[in-house]
Amino acid sequence: MLYTEAELVSLERQLRRDRLILLILAGILAAGMLTAFLLRAQLWAVVLTILAGTVLLAGNDLVLRPLRAEIVLTRCALGERVHPLTATVTRLGEPALIDDVRAHGVLLSETADAEDERLLYLDDSRESVTLRPGDRVSLLYHGRMIVSIDKA
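FYI, in my numbering the residues of the sequence shown are 1 to 152.
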């Protein structure tokens with residue numbers, strides 16, 4: 001299995017820590033804005049307001065959103081929302097960002113018919129088997145993401 005319960009706990013702990021750091025930083029900037037406003041230092045109030053907005057938006061987009069996406073994927077992988085599939089790898093795709101998770105595509109075919117191909121994605125941050133076109137694999141998937149894969 002590419003995802004574990006211990007990893008989910010670690011990700012949730014990291015998300016709580018990162019949220020706290022972001023809130024503390026936002027609080028410091030808000031206190032600075034209030035102080036600048038009360039001291040009638042309007043230029044500092046404007047600068048700190050812009051800085052606070054930038055920090056909150058960047059912190060959310062660059063830190064919190066990818067962590068939340070990873071947590072959702074891990075929860076789904078550990079839950080009962082996975083589907084089994086045994087198929088042949090027809091082609092490996094290029095790396096891409098799928099649901100805020102860096103992955104590469106794997107084109108699979110259950111039969112010899114080229115019209116019956118399925119595109120699933122394998123998380124690049126996970127250790128998995130080395131795949132080549134023509135390999136027969138047995139896997140579990142959730143949505144578009146492969147959560148467990150072994151050669152059949």
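From the three backbone atoms N, C-alpha and C, an ideal C-beta is built for every residue, glycine too.
Quick caveat: nothing in here was measured; it's all calculated off a predicted structure.
DSSP places Gly27 within a helical segment (H, G or I) once states are collapsed to three. The beta carbon of Met33 is closer than 7 Å to those of Ala45, Leu48, Thr49, Ala52 in its chain, skipping five residues each way along the sequence.
Excluding its 5 nearest sequence neighbours in each direction, Ile71 has C-beta neighbours in its own chain below 8 Å: Leu8, Leu11, Glu12, Leu15, listed in chain order. Check the Cα spacing between Arg17 and each of Asp124, Leu120, Leu67, Leu108: the tightest is with Leu67. For Ile21, the number of other beta carbons within 10 angstroms of its own is below 16, and it is reported as exposed. Every beta strand (DSSP E) of 3 residues or more that sits fully in the region 41-115 is shown, in chain order, as 83-98, 101-109. Shown here for Pro95: same chain residues with a beta carbon closer than 8 Å to its own, the five before and five after excluded, namely Arg102, Ala103, His104, Asp124 in chain order.
Arg118 sits in a strand when the DSSP states are folded into three classes. About 4 Å separates the CB atoms of Ala69 and Asp100; that is less than 8 Å, so the two are in contact. Only buried fits Leu2, as 16 or more other CB atoms lie within 10 angstroms of its CB.
Just measuring C-alpha positions, the residue of Thr4, Gly143, Leu120, Leu56 sitting nearest Arg81 is Gly143.
If you check the CB distance, Asp135 and Val106 do not come in under 7 Å.
Beta-bridge pairing by DSSP links Asp150 to Ser138. Sorting Ser148, Glu5, Arg19 by C-alpha distance to the C-alpha of Glu127 places Ser148 at the top.
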